[in-house]
Amino acid sequence: MVLYNLAFYFFSLITLASASVVVFSKNIVHSAFALLFTFFGVAGLYVLMMADFLAITQILIYIGGIMVLILFGVMLTNRTIDVQIRTGSIQTFPAMLIVAALAGTLVGIFWSTDWKISPTAIGFEKTAPEIGKMLLTNYLLPFEIASIVLLVALIGAAMIARREKKA
Amino acid sequence: MIELLKSFLGDSLFVYLIAAALPMLFILPYALVAVLLEMKMAAHIQDRLAYMYTGWHGVLQPVADILKLLQKENTVPHVADKFLFALAPYLIFIGTYAGFAAIPFSSAYIGSNIDLGVFYIVAVSSLVVIGIIMAGWASNNKWSLFGAMRSAAQIVSYEVPTALALVVAVMITGSLNLQDIAKFQAGGIQNWLVFGGPLPLLQKILIMPFTFITFIILFLAGIAEVNRTPFDLAEAESELVQGYNTEYSGMKFAIFYLAEYANMFLVSAIVVTLFLGGWASPFGNALSGPLWGFFWFVAKGMFFIFVQIWIRWTLPRLRVDQLMYTSWKVMTPFLFVCIFAIGLILVL
């Protein structure tokens, strides 16, 4: 259990430290790379909650897909590298209101939720077959709709990228 | 393996650290052998002798190279992003090394016997892409950035055929656990998935051409993922100097090199585990056991290292458009046909 706690604090530290770099760094590329470690830390926390499938999906989708996309976006967009992103404070009052509302909601949810805490480690169960069965029985329609949305997005992206210029 | 260590040392952090360090004990000597093999094979393919003076027929040359690299000055370009520049080689190596955690080296040793091994390896290898982009960008050099962009685009494209080829193996074995997949193919060369696996005879004959095509595509996509000829556009010497690692020197360059060779073995290990029985002996129950398993696994892995080097020094490099054509218009449709056909045969 000591090891478990150690791992938990390790991943929490990675997540929080890198997330603060994402927010406070003045260099947008540094922020983008720090986001990588945030995703990785969150994946580690998923593993500690015995959600192995979710953790690996997190790494595959967010680090392998979305991070690469963000980095390409940041690096290939004109002049973003030269522009200094300033982290100053403007519109302090509305921002404080929104932050207070959001923080209040989160704390409220945190206190009112009935957390299911197991006194001992449960250990890994085979999650992948169960998730597969659920996706092809109870959640078939949302699953198919998600695939159709992705397919449409893919075709749309190809259409826009391949549009030939009229001579 | 971890249970064995626990019985000696108790349940402490050291057990996990030792278990995590074991693949390193394999990678370091393997890299020395692979570097020597690469140089010697390149020379013999080109009808020359390569190193002949350091030791018998130059076998000590990799050791001399390492000593040289250790002494080299560690130069960092003045305009480079110092922190990311230093971090990138380690990130690439971590991405590769993490993959070794789920590779079953023998029936008795696997770093982490997780149920989602195949899926895990596909996921963690994406860290390598981020490392390459980081190295290219932090160097603040046109060639490095171009090389990194090409490399990232290439790896992301070739992840599609790789993942589809893995699906074929998972469909037949019904498991994502690499240890289970290797066990499934035990019992002789005729049970390997490349020859149809241990299915009833009719199914086996019908399925064999499709598994064979999948095996070839998985290996080729693997070569593309490690950026080696004929897919080495990322470090096309004639156009880009050396690609994303142009500005690196000394130990940091050595780590790139180590990561590349480790990645070559990882790719071979995946191909071997999924389609060639992993640690299973080709002679059924003869010459099998945990230690023989390790021997067969390394022997099969080294054979594919040999093939990768052989291909590298005999084939020319593809153009960018040919590279993308191969991935999207040849490998991917072929694999869809294979998945469909194998699914149909398995259901009937």
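Chains as they are written, first to last, in the working numbering: chain A, 53 to 219; chain B, -1 to 346.
Quick reminder that beta carbons are idealized off the backbone N, C-alpha and C, glycines included.
Show which residues of chain A have a CB atom less than 8 Å away from the CB atom of B/VAL127.
-> GLY116 and VAL120
Span of the alpha helix (DSSP H), counted from its first residue to its last, around B/HIS42 = 11 to 43
Inter-residue spacing [alpha-carbon to alpha-carbon] between A/THR132 and A/HIS82 | Any reading at A/THR132 is ruled out, since the residue's pLDDT is 49, under 50, leaving its predicted position unreliable.
Closest to B/GLN59 by CA distance: which of B/GLU71, B/ILE253 and B/LEU35 is it?
-> B/LEU35
Tell whether a beta-carbon distance below 9 Å holds between A/PHE89 and A/THR67.
-> yes
Name the two residues that bound the continuous alpha helix (DSSP H) containing A/VAL201.
-> 192 to 214
Can you pull the DSSP bridge partners for B/ILE253?
-> None, per the DSSP bridge assignment.
Taking Cβ positions only, does B/VAL166 come closer than 9 Å to chain A?
-> no
B/LYS66: which of B/PHE251, B/LEU264 and B/LYS140 sits nearest, CA to CA?
-> B/PHE251
Name, going along the chain, the residues of the segment 129 to 152 of chain B whose beta-carbon falls closer than 7 Å to a beta-carbon of chain A.
-> ILE131, MET132, TRP135 and ALA150
The segment 55 to 80 of chain A: positions lying closer than 7 Å to chain B by Cβ | LEU55
With contact counted as at least three CB pairs below 8 Å, one residue from each stretch, are the segment 308 to 317 of chain B and the segment 326 to 343 of chain B in contact?
-> no
B/PRO360 lies in the alpha helix (DSSP H); which residues open and close that run?
-> Nothing in the structure corresponds to residue 360 of chain B, since chain B is present only between -1 and 346.
Is any beta-carbon of chain A found at less than 9 Å from that of B/PHE91?
-> no
Would you list the one or two residues that DSSP bridges to B/ILE108?
-> B/PRO102
Identify the contact partners of A/PHE105 in chain B, using a Cβ-Cβ distance below 7 Å as the criterion.
-> LEU114
Members of the segment 60 to 94 of chain B near chain A, C-beta cut-off 9 Å = ASP79, PHE81, LEU82, LEU85 and LEU89
Are there 16 or more other CB atoms within 10 angstroms of the CB of B/PRO198, so buried, or fewer, so exposed?
-> exposed
Interface flag, B/HIS279 vs chain A, CB-CB below 9 Å | Correcting the residue identity first, residue 279 of chain B is Ser in this sequence and not His. Closer than 9 Å: no.
To which residues of the same chain is B/TRP290 closer than 7 Å at the C-beta, ignoring the five residues directly before and after it?
-> SER279
Who are the Cβ neighbours of B/GLY248 in its own chain at under 7 Å, not counting the five residues just before and after it?
-> LEU67, LYS70, GLU71 and ASN72
Closest by C-alpha distance to B/VAL168, when choosing among B/ILE268, B/ALA222 and B/GLY287 | B/ILE268
Going by other Cβ atoms of all chains shown within 10 Å of its Cβ, with 16 needed for buried, is B/ILE119 buried or exposed?
-> buried
Beta-carbon spacing of B/VAL61, B/ALA257 below 9 Å = no
Under 8 Å (Cβ pairs) to chain A, residues found in the segment 18 to 51 of chain B | none
Neighbourhood of A/VAL99 by C-beta distance below 6 Å, restricted to the same chain and skipping five residues each side = ALA107
Helix, strand or coil: how does DSSP classify B/LEU114 here?
-> coil
Taking DSSP as the reference, what is the three-state secondary structure of A/THR144?
-> helix
Under 7 Å by beta carbon: chain B residues contacting A/LYS178 | ASP113
B/LEU264 to B/GLY97 span [Cα, whole Å] | 7 Å
Chain A residues whose Cβ lies nearer than 8 Å to that of B/VAL57 | Those do not exist, as B/VAL57 stays about 39 Å from chain A at its closest Cβ, beyond 8 Å.
Is any beta-carbon of chain B found at less than 9 Å from that of A/LEU188?
-> no
Bounding residues of the alpha helix (DSSP H) (the contiguous stretch that carries B/GLN183) | No alpha helix (DSSP H) holds B/GLN183; DSSP gives it neither H nor E.
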